Every structure is written in C-alpha cells, then in structure tokens.
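Those protein sequences? They're chains A and B, same order as listed.
According to my numbering, the first sequence is numbered sequentially starting from 1.
According to my numbering, the second sequence is numbered sequentially starting from 1.
Accompanying notes for the structure given below.
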Amino acid sequence: MGLGLLASKAMRPASRIFNSQNPRNFLFRTIVSKPELQKPETSAAQAQPDPPPVDLPPRTPVAGARVHFPNPDDAIEVFVDGYPVKIPKGMTVLQACEVAGVDIPRFCYHSRLSIAGNCRMCLVEVEKSPKPVASCAMPALPGMKIKTDTPVAKKAREGVMEFLLMNHPLDCPICDQGGECDLQDQSMAFGSDRGRFTEMKRSVVDKNLGPLVKTVMTRCIQCTRCVRFATEVAGVQDLGMLGRGSGEEIGTYVEKLMTSELSGNVIDICPVGALTSKPFAFKARNWELKGTESIDVTDAVGSNIRIDSRGPEVMRIVPRLNEDINEEWISDKTRFCYDGLKRQRLNDPMIRGADGRFKVVSWRDALAVVAEVAHQVKPEEIVGVAGKLSDAESMMALKDFLNRMGSNNIWCEGTGMNPNADLRSGYLMNTSIAGLEKADVFLLVGTQPRVEAAMVNARIRKTVRANQAKVGYIGPETDLNYDHQHLGTGPQTLLEIAERRHPFYSTLANAKHPVIIVGAGLFEREDKDTIFSTVETIAENAKVVRPDWNGLNVLLLNAAQAAALDLGLVPESGNSIESAKFVYLMGADDVNLDKIPGDAFVVYQGHHGDRSVYRANVIFPAAAFSEKEGIYENTEGYAQQTFPAVPTVGDARDDWKIIRALSEVAGIKLPYDSLGAIRARIRTVAPNLVHLDEREPATFTASLKPASSQKITLTPFENVVENFYMTDSITRASKIMAQCSALLTKK
Amino acid sequence: MAWRGCLSHNFKELRILLCQSSPASLTTRTFVEKNYKDLNTLNPKLPILIRECSGVEPQLWARYDMGVERDVRLEGLTEEQICKALEDLVKIGESLKA
Ligand code: SF4
Ligand code: FES
C-alpha cells in the first residue's frame with residue numbers, strides 16, 4: 001500500500017470537519033477591530049525591559065546589503081525592535097532598520113536621491129520621542145531604540161495610506177504599473193480595508209514629457225522622486241513642483257519636453273503609475289513577461305539590463321543593478337531601442353542575382369557561393385570588418401577564418417585603420433567607471449560623454465556634484481549637463497597644456513585624483529599616435545598615472561571595440577579595403593562603402609537590413625544581441641555576456657556559427673564547434689574575455705611605448721556621435737528612436 | 001640579437017598572456033617591461049599583444065602566416081629563457097616559410 005493512500009485516509013476526516021463548517025464564513029469576512037488599533041498608546045511609554053539581545057536570532061540586512069564603515073571609530077549601536085545593530089554614524093533610521101533586516105515601507109525615499117521626507121509612509125516609533133518619526137529623514141543616534149512593529153507605527157502607516165488613496169484614482173485595472181506598483185503593494189500590506197472618503201477625487205491635467213514617458217498625473221502621489229532624479233542625476237532642471245495643498249502638481253511649468261538622455265529612468269523610480277513608458281503603454285502586464293538578464297550593446301558601457309519578453313517578442317528593457325557600471329539607471333537608447341529588433345530584420349540567406357535583386361536561397365547554396373569566391377581571390381585581397389555590435393566569439397571566428405585564408409586584414413569599426421592594440425591600458429578606461437567617483441579634476445579630450453556613453457556621463461556628473469570636481473573639456477561646442485570649462489577645440493590646447501602654458505595645467509597637476517578621458521573618436525585621426533603621446537606627456541607631467549592611481553582613460557564608443565582590440569583585430573595594411581576583392585562585413589554598417597572597389601564581392605552578415613545591405617552580394621542573416629549568447633567587454637575591461645531572451649528570426653543563426661560553417665564549406669575547418677570550444681580558443685588569445693563579470697585591469701602603462709614621431713595636425717576635434725538616438729543598425733531601425741531624434745535632438 | 005628585428009618578417013602577431021600579480025608571471029612581467037619598447041621599435045608594424053588576466057599561466061603565442069600558431073609556456077622560465085623561447089619561435093617561423 002502506498003503512502004499516498006495512507007495519507008489520503010488520514011486526511012478524510014479532517015476535510016469532513018472542514019466542509020461541515022458554516023459556509024457563510026467563506027462568503028463574509030468577519031470584521032475584527034483590534035483594540036490596539038483603536039487606542040494606540042506609545043509603546044515607548046510603557047516601561048518595557050529590553051529583552052536580552054543574546055537570545056535574538058541573527059538577522060540579515062535587506063537584500064543582503066553590506067555595511068561599509070568609512071571610519072571604524074564612528075560606528076554607533078542602535079536597537080531595532082530590540083535587536084542591536086552596528087552602523088556608521090550619519091546613517092538614517094531607515095537605513096539602520098535595513099541593516100537590521102527590517103524593510104520599512106516608503107514612497108519618497110530613494111537611496112540614490114536626496115531625502116525629501118514628504119510622504120510620511122516610513123513612520124516608525126522611537127523610544128522617548130512623543131510622535132512617530134519619519135525614519136528616512138531622521139539620523140540614527142547612538143543607543144536609539146527603534147520600534148517598527150508597534151501599533152502606533154501600524155496605525156500611522158494605515159493613516160498615511162488612507163490619505164494617499166483618497167486622491168488616487170481607482171485606475172489599477174487600466175494602469176500599466178499594475179503588478180509592480182509600490183502603492184498597490186503597500187496598500188495591500190499596510191493599508192486599511194476601507195476608506196472613509198466620500199467627496200470628489202481631485203484630477204490633474206496630464207503633462208507632455210515627450211515620446212518616451214507617458215504621464216497620468218492624477219495618479220501622482222507627490223513623492224517628488226522624479227523631480228529629484230531630474231535635477232540630481234539627469235541634470236535637467238525641467239521638472240518641478242507647482243502649486244500648494246490639493247493644487248500641488250508635478251510639471252514643467254511651461255510646456256516643455258524632458259530633454260535628457262536618462263529620462264526613461266523616471267518610469268522606474270515613480271512608485272505609482274503616474275510616469276510610465278509610452279511605447280510600452282497597454283502592451284503587456286508585467287506578470288506575463290519573461291525576464292532575461294542580459295547586457296546592453298548600444299554603447300561601450302555594457303549596462304546591465306533585463307530583457308522582458310513575451311513569446312518571441314521583446315516587450316521592454318529595464319535596468320538591472322550593477323554598482324560598478326550603471327548603478328540602477330540606463331540610458332533612453334538602451335531602454336527604448338528594442339522596437340528596432342522587430343523591424344528591418346534579415347531572415348533568410350540571400351544572393352543578389354544578375355538583375356540586382358536579392359533572391360532567397362538555402363544556407364548550403366549561399367555558403368557554397370561565398371566559399372568559392374573566397375578561394376578565387378588572392379589572400380591579401382580578402383578583407384573582414386566586424387561591426388559595432390559584434391560579440392567576442394564571432395570576432396574570434398572571423399579572425400581565425402581570415403587568417404587561415406591567408407589574410408590579415410581584419411578590423412573592427414571605430415578603431416581606425418591603424419589601431420594600437422598592444423597595451424590594454426592604451427584603449428581602456430583604466431580608472432574604471434566606479435573609480436571615477438574619486439576624481440577631483442577631469443580633462444575630457446575630444447569626447448562628449450553625454451552622447452557617447454550616457455552612463456559614464458552620469459558618473460562624472462555625480463562626482464562633480466559630490467566632490468565639486470572641476471571639468472575641463474577640449475572639443476567642439478557641446479552641451480554637458482554639469483559645470484565645465486571649455487578649454488579649446490583642438491590639439492592646440494592640448495599642446496599648451498602639455499607644455500604647461502595653459503592655466504588648466506596647474507589645476508590638473510594640483511589635483512589629488514586627476515582623470516583624463518580621451519575619446520575613441522580620435523582613433524580615426526591620422527595623427528592619433530601623436531595626440532595620444534601628447535596626452536601621455538600631460539599625464540606624466542601632472543602625475544595622472546601613479547602606482548596607486550591610474551587616471552588616464554580612453555572612452556570607447558561601441559560595444560564590440562574593447563573585445564576587438566583585445567582579440568587583436570589589427571589590419572596589416574591601412575588601405576586594404578581600396579584594393580579588396582572579397583569583403584566580409586560582419587554587421588559593419590558604418591564602413592565607407594564608396595571605398596570598396598566596384599568589382600569586389602561583398603558578403604554582409606548581420607541582423608538588420610541597414611546601410612551595407614545595399615552593397616552586399618550575399619546576405620547571411622544573423623542573430624541580434626537579444627537572441628544569442630555572446631561575450632562583450634565594456635570600456636573599462638569588464639567582460640560580460642548576453643543571454644538569449646527570444647528566438648532568432650527566420651533562418652538566422654549565431655554569428656560565429658555562420659563563420660564556422662563557412663570555414664567548413666571552404667575546406668579550412670575551424671577547430672571548434674561549440675560555445676565552450678570557441679571560448680577555449682578565446683582563452684588562448686585574450687583570457688580576460690572569458691573571465692566573465694570581472695574587470696581585468698591593465699598593468700602596463702603607456703610609459704613602455706616608444707615616442708611617436710608623427711606630425712600633429714591642428715585640425716579641431718570633431719563630433720563623433722551626431723545623433724545620440726541613432727548610432728547602430730538596431731537603433732536606426734527603431735521607430736521610437738526616430739521620434740526621439742526628431743523631437744529631442746537640438747538642431 | 002639580430003633576430004629581434006626579424007620578428008615582423010616571421011610573425012603575424014605575437015601574444016604574451018600573463019597574470020597581473022601572480023609570482024609565476026613575475027619573470028614574464030619583467031621581460032615585458034625590459035623588452036617591449038625595444039621589440040616594438042624594431043618591429044613597429046607587428047602587433048605585440050600583451051594580455052593581462054588574473055590567474056592565467058604566462059604564455060607566449062606566435063601566429064605565423066595562414067593562421068598557424070605555436071605557443072610556449074613561460075612558467076618557471078627566467079628572462080633569458082623567455083628571450084630564447086622567443087628566438088626559437090622566430091626560427092620556427094623561418095622553417096615554416098622554407
Ligand atoms: S510623478 Fe511619480 S515620481 Fe513624480 S512625484 Fe508623482 S508619484 Fe512621485
Ligand atoms: S519615505 Fe520617509 S517620508 Fe517618504
């Protein structure tokens with residue numbers, strides 16, 4: 001006899017008793033009025049002896065947070081519900097409770113924003129204080145006895161909830177925030193089961209904040225998180241609080257769009273459905289979505305994202321916390337480029353026929369044609385270009401394939417025709433993105449971080465706000481969202497600083513943690529070696545690179561760049577494309593197509609029908625970053641990988657698999673046929689790329705390099721990113737990005 | 001030391017993999033510090049890729065024409081032995097050409 005039968009026998013009488021109960025109990029809930037709720041007395045007033053702390057089980061801080069003591073002498077001890085915790089001086093009561101493992105409900109408090117203290121949801125009781133205190137705004141004092149679970153605290157929360165819901169519309173069924181709404185969750189957890197409000201609810205006119213953020217301002221609870229985010233993090237002073245009392249509203253005063261590259265983050269920080277995503281409006285409910293933790297590839301920062309998908313469709317992209325890279329923000333390009341993944345996709349292998357039109361063919365035929373052409377040309381006439389969005393695996397495969405064909409002409413877009421990939425310090429952000437926070441002086445050379453890497457710019461802005469860091473900028477007129485000094489537009493100013501003639505030199509030399517950031521746009525310049533050695537001279541004179549501090553950085557532009565240089569995608573000759581007969585474009589859409597000779601055979605492998613498709617003879621459809629597993633290294637040398645969130649489109653394949661198949665058809669089979677095997681191969685070229693989620697810093701600095709003897713030209717630095725919203729094939733295919741560039745870019 | 005100038009004739013790419021801090025990579029690090037400038041000046045067009053990665057065993061990789069590669073493990077070698085290993089790799093390149 002099975003145990004299950006025994007168990008069911010044992011169960012039967014119990015269920016009978018259960019059934020025999022009065023069914024009315026299930027239909028009507030008895031209303032229990034708790035006496036403690038009716039007559040709250042400060043429990044602090046009742047002299048309770050403190051329970052001995054030894055008996056309490058150890059608690060873990062909320063979300064496993066760790067406490068950092070900047071100065072061990074400054075540690076103080078407070079008691080949260082009788083449990084003693086050690087915290088550094090200056091922490092608030094709310095933070096102390098978090099360390100003690102008690103999550104305090106809140107609306108206005110946000111750990112990355114200044115404290116407003118205006119929602120009153122975080123009220124707790126503190127012994128000897130006559131009234132409950134707003135824990136987010138109250139500094140913890142030594143020996144403070146905090147009570148988070150008393151009738152007074154509960155009553156206070158219930159009251160706050162009732163006030164908030166008074167003017168909050170009953171919108172939940174048609175609200176996009178439903179399911180991930182702080183107000184919804186907290187009213188379930190702490191709210192009362194009824195309201196006493198019978199008057200009319202107030203309503204507020206919706207504001208137009210542009211094509212990205214949808215507003216339903218009646219839902220706003222005036223927590224001012226969005227205002228604080230805009231002024232503090234995004235650096236735009238557009239949003240503000242208008243009016244008083246029940247006339248209070250969030251708005252822009254005069255009708256104005258929010259022109260910030262970080263505006264999408266207000267969607268995440270708004271605790272209610274007042275600010276939601278416009279492109280995502282009414283598209284899906286959050287519980288229907290499958291989240292895939294992945295990496296962003298629209299710039300070289302490698303922001304951590306979660307791709308939310310439903311079936312084969314990417315529904316939205318939201319940030320994931322990574323303190324070292326993007327904290328918890330992402331740029332608008334990262335967040336809203338996803339509709340580009342559904343448009344202009346290549347889904348079948350195609351060959352251009354004699355009439356100039358593309359014909360769909362099978363993979364076998366397409367590969368055979370390409371392999372045959374590749375064997376007909378001389379090795380030095382074969383050229384390969386990796387695109388901005390290529391992952392490390394595919395670049396490795398392409399390089400190995402071309403090398404085996406006898407060609408050494410392979411490079412990655414944006415690294416220039418004469419890249420120097422020898423020392424990693426020469427192309428990485430050596431200070432690391434998080435390390436920028438220590439800096440007190442910045443010198444930006446030919447880089448506009450605001451459009452090139454919005455998250456790095458947010459760090460610089462954070463540092464400028466926190467340390468009053470000075471920023472000097474050399475380059476074309478630009479709009480940086482922090483105080484800066486425009487020192488000049490070209491190499492002339494750089495030379496002056498190098499020769500210590502410029503007043504900014506002394507600022508740099510006197511700084512404790514000076515940082516120089518050189519833009520990767522300069523890689524394309526003829527005189528880049530000299531410019532770099534001029535910067536290195538400045539760095540040496542001003543002691544920017546010391547054993548304990550490396551402040552000399554390069555800010556890369558594209559997701560593929562760092563890995564491409566690490567893998568040694570360095571062309572043997574600088575003008576091979578002009579004499580090429582066989583050009584392999586792996587997602588490369590920004591190569592100058594006019595340079596490719598008319599009789600050259602062009603293979604385009606990629607996921608979007610973008611610029612290069614017009615010149616291609618054969619098209620291989622490949623997977624986009626949301627559909628494959630691929631390693632990307634960010635600008636600071638931090639290797640991470642994407643994960644497939646949705647299936648590939650049509651007959652498309654992973655990039656490296658296409659090249660592997662081509663090599664087999666061409667008779668020079670590459671020795672790997674699994675992801676593990678190709679990563680093992682990468683390990684013999686750039687082992688740091690397979691050390692995932694780790695930053696491998698470069699140790700050898702530029703001082704090892706011989707001096708350059710090139711002539712410096714005095715042509716001013718140029719804008720590298722013309723349009724922040726459209727930089728690659730995915731963003732160029734995106735409708736939302738097109739709207740943004742039409743409305744938000746300054747003309 | 002004439003072979004040092006012939007690196008670019010024989011190699012397509014030279015890779016030095018090492019760890020930033022481990023004692024096993026110590027001699028390789030000093031080798032790079034002492035020789036990189038010289039090798040780079042003599043072979044300005046040759047990519048000499050120095051790749052740091054924590055915990056990796058020091059290695060020297062040479063890529064010849066047609067994607068052929070040879071490697072030498074450098075753990076436990078002195079600086080002179082590393083120079084010698086590099087010279088041997090150059091010789092392999094010559095024999096591959098012949
Ligand atoms: S719009 Fe949202 S974030 Fe802004 S004040 Fe209102 S509730 Fe807070
Ligand atoms: S969270 Fe403390 S007052 Fe709003």
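Where is the CB? At the ideal position from N, CA and C, for every residue including glycine.
The model shown is predicted, which means the values in this text are computed figures rather than measured ones.
The closest CA to that of residue 655 (chain A), considering only A:255, A:384 and A:397, is found on A:397.
Listed along chain B, the residues sitting closer than 9 Å to residue 700 (chain A) by beta-carbon distance are 29, 32, 33, 36, 50 and 52. Against residue 78 (chain B), chain A offers no close residue; the least beta-carbon distance is about 20 Å (beta-carbon pairs closer than 7 Å). Annotated as proximal: residue 530 (chain A) and residue 710 (chain A), with beta-carbon spacing under 9 Å.
Against chain B, a Cβ distance below 7 Å from residue 685 (chain A) picks out 15.
Distance between residue 406 (chain A) and residue 597 (chain A), taken at the CA atoms: about 20 Å. Cβ neighbours of residue 497 (chain A) within its own chain (closer than 8 Å, five residues either side excluded): 443, 487, 504, 505, 508 and 538. In terms of Cβ geometry, residue 183 (chain A) and residue 107 (chain A) form a close pair [threshold 9 Å]. By alpha-carbon distance to residue 450 (chain A), the top candidate from A:357, A:495, A:493 and A:556 is A:556. With a 10 Å radius around the Cβ and a threshold of 16 neighbouring Cβ atoms, residue 174 (chain A) comes out exposed. Residues of chain A whose Cβ lies closer than 9 Å to the Cβ of residue 12 (chain B) are, in chain order, 403, 408 and 572. The C-beta of residue 30 (chain B) has fewer than 16 other C-beta atoms within 10 Å across all chains shown, which makes the residue exposed.
Of all C-beta pairs linking the segment 13-24 of chain B to the segment 46-61 of chain B, three or more are shorter than 8 Å, placing the two stretches in contact.
A straight line joining the alpha-carbon of residue 635 (chain A) with that of residue 559 (chain A) spans about 8 Å. Taking a contact as a CB-CB distance under 8 Å, the pair residue 221 (chain A) and residue 337 (chain A) does not count as one, their CB atoms being some 31 Å apart.
When the alpha-carbon of residue 670 (chain A) is set against those of A:393, A:737, A:722 and A:83, the nearest one is in A:393. Residue-level contact check: residue 47 (chain B) touches chain A, since one or more beta carbons of chain A fall below 9 Å from its beta carbon. Put simply, the residues with a CB less than 7 Å from any heavy atom of ligand 2 are A:94, A:106, A:107, A:108, A:109, A:116, A:117, A:118, A:119, A:120, A:121, A:122, A:134, A:135, A:136, A:137 and A:223, in chain order.
DSSP lists B:15 and B:71 as the beta-bridge partner residues of residue 61 (chain B). Where residue 190 (chain A) is concerned, the enclosing alpha helix (DSSP H) starts and stops at 182-190. Between residue 324 (chain A) and residue 695 (chain A), the gap from beta carbon to beta carbon is short of 9 Å.
Contact annotation for residue 450 (chain A) against chain B: no contact, minimum CB-CB distance about 31 Å [criterion: below 7 Å]. With distances taken between CA atoms, residue 271 (chain A) lies nearest to A:177 out of A:177, A:668 and A:250.
Excluding its 5 nearest sequence neighbours in each direction, residue 502 (chain A) has C-beta neighbours in its own chain below 6 Å: 496, listed in chain order. As the crow flies, the alpha-carbon of residue 79 (chain B) is around 37 Å from that of residue 436 (chain A).
For ligand 1, no non-hydrogen atom lies closer than 8 Å to the CB of residue 234 (chain A). Residue pairing by DSSP places residue 549 (chain A) opposite A:546 in a beta bridge. Residue 13 (chain B) is not a Cβ neighbour of residue 64 (chain A), given a cutoff of 9 Å.
If you check the CB distance, residue 301 (chain A) and residue 455 (chain A) come in under 9 Å. Proximity of residue 155 (chain A) to chain B, defined by a Cβ-Cβ separation below 9 Å, is not satisfied.
At a cut-off of 9 Å between beta carbons, residue 88 (chain B) makes no contact with chain A.
A contact is defined here as three or more CB-CB pairs under 8 Å, and the segment 723-743 of chain A fails this definition with respect to the segment 54-70 of chain B. Taken from the Cβ of residue 556 (chain A), every heavy atom of ligand 1 lies 8 Å or farther away. Of the other Cβ atoms in all chains shown, 16 or more fall within 10 Å of the Cβ of residue 229 (chain A); this residue is therefore buried. Among the residues of chain A, those whose CB is under 8 Å from the CB of residue 61 (chain B) are 684 and 685, following chain order.
From the listed residues A:111, A:95 and A:99, the smallest Cα separation to residue 135 (chain A) is found for A:95.
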